[in-house]
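Student: Numbering (the working numbering), first residue to last: 3 to 240.
The beta carbon of each residue, even a glycine, is placed where N, CA and C say it ideally should be.
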């Protein structure tokens, strides 16, 4: 089953076209790298898929639900981590996750158990009673992934989840994301190609609002160590 189905997706702002006729699909359970230079249209695409922004034209489905005609049903299938996790510094990790669980309509009797489940999955159980504002960048990212996991969404969309992390923290977050494969479909938007090579099996490359590559990692790299870098430079040179 396809978790994401996009057909002819286009977004225009007066005289500028942010994305132009994107068509692709992502199979259920895959980890997909979504690549492109700054301003290529990655964020616009993710905002449309998550229901934050309407499209000018085209179709998009998440887990079989039309993003435009069935927005509430589609949103229930998605856990989203923006580039800067929207944490309230004055709340504890537990308080923040309980708040997000309520927003996601997790039944009240299940909130505590659900918070403990995602905290264990992301390694933040020991930090549950700390204030968000006192956490390291690495733990803030983990809490951001935790809130995305609340309610057990089928699709996770992660925007630059390792931004600003040191090499050890980056590796920890990548291994965490890799461990979600199969249980969730993951779209990883990043500009760090090494991360995509480490954990992704499908690669989408967007340039100037147009999809220029959509293939398996093996096909993109051709078995070459620097195959992804070479392909990315070739397809986004102009």
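Distance cutoff 7 Å, beta carbons only. Does residue 33 sit that close to anything in chain E?
Tutor: This model lacks chain E altogether; it includes just one protein chain.
Student: If we count Cβ pairs, one from each stretch, closer than 8 Å, do we get three or more for the region 217-226 versus the region 101-118?
Tutor: No, because fewer than three Cβ pairs between the region 217-226 and the region 101-118 fall closer than 8 Å, the two stretches do not touch.
Student: Relative to the alpha-carbon of residue 169, which residue among 196, 212, 160 has its alpha-carbon at the smallest distance?
Tutor: Nearest option by C-alpha distance: 196.
Student: Between 88, 84, 145, 109, which lies nearest to residue 161 when the distance is taken from Cα to Cα?
Tutor: Taking only the C-alpha atoms, the option nearest residue 161 is 84.
Student: Taking the straight line between their C-alpha atoms, what separation do you get for residue 106 and residue 193?
Tutor: Using only the alpha carbons, I get a separation of about 30 Å.
Student: In the structure shown, what three-state DSSP assignment does residue 135 receive?
Tutor: Residue 135 falls in the helix class under three-state DSSP.
Student: Buried or exposed: which applies to residue 228, given that a residue is buried once 16 or more other Cβ atoms fall within 10 Å of its Cβ?
Tutor: Under this definition residue 228 is an exposed residue.
Student: Looking at C-alpha atoms only, which residue of 201, 236, 198, 199 is the closest neighbour of residue 214?
Tutor: Closest by alpha carbon: 236.
Student: Entirely within the region 150-213 and at least 4 residues each: give me those alpha helix (DSSP H) ranges in chain order.
Tutor: With a minimum length of 4 residues, the continuous alpha helix (DSSP H) runs that stay inside the region 150-213 are 169-180, 195-201.
Student: Let me know if residue 40 comes out buried or exposed under the rule of 16 or more other beta-carbons within 10 Å of its beta-carbon.
Tutor: The residue is exposed, with fewer than 16 neighbouring Cβ atoms inside 10 Å.
Student: In whole angstroms, give me the CA-to-CA distance for residue 57 and residue 138.
Tutor: Spanning the two alpha carbons is a distance of roughly 36 Å.
Student: Give the range of the beta strand (DSSP E) segment to which residue 7 is assigned.
Tutor: That run of the beta strand (DSSP E) goes 4-15.
Student: Pairing CB atoms from the region 182-192 with CB atoms from the region 32-46, are three or more of them under 8 Å?
Tutor: Yes: the two stretches touch, three or more of their Cβ pairs being nearer than 8 Å.
Student: Checking the sheet assignment: what are the DSSP bridge partners for residue 82?
Tutor: In the DSSP output, where bridge partners are listed per residue, residue 82 has 159.
Student: Does the beta-carbon distance from residue 124 to residue 144 come in below 7 Å?
Tutor: Yes, these two residues count as a Cβ contact at 7 Å.
Student: Which class does residue 74 belong to by DSSP, given the choice of helix, strand or coil?
Tutor: Note: residue 74 maps to helix in three-state DSSP.
Student: Quick test of the definition: if touching needs 3 or more C-beta pairs under 8 Å, does the region 146-153 touch the region 94-106?
Tutor: The region 146-153, when compared against the region 94-106, does touch it at the 8 Å Cβ threshold.
Student: Does the distance from the CB of residue 25 to the CB of residue 7 come in under 7 Å?
Tutor: In this structure, residue 7 does not lie closer than 7 Å to residue 25 by Cβ.
Student: Can you tell me whether residue 119 is helix, strand or coil according to DSSP?
Tutor: Looking at residue 119 - three-state DSSP - the assignment turns out to be helix.
Student: For residue 67, does the three-state DSSP call read helix, strand or coil?
Tutor: Three-state result, residue 67: strand.
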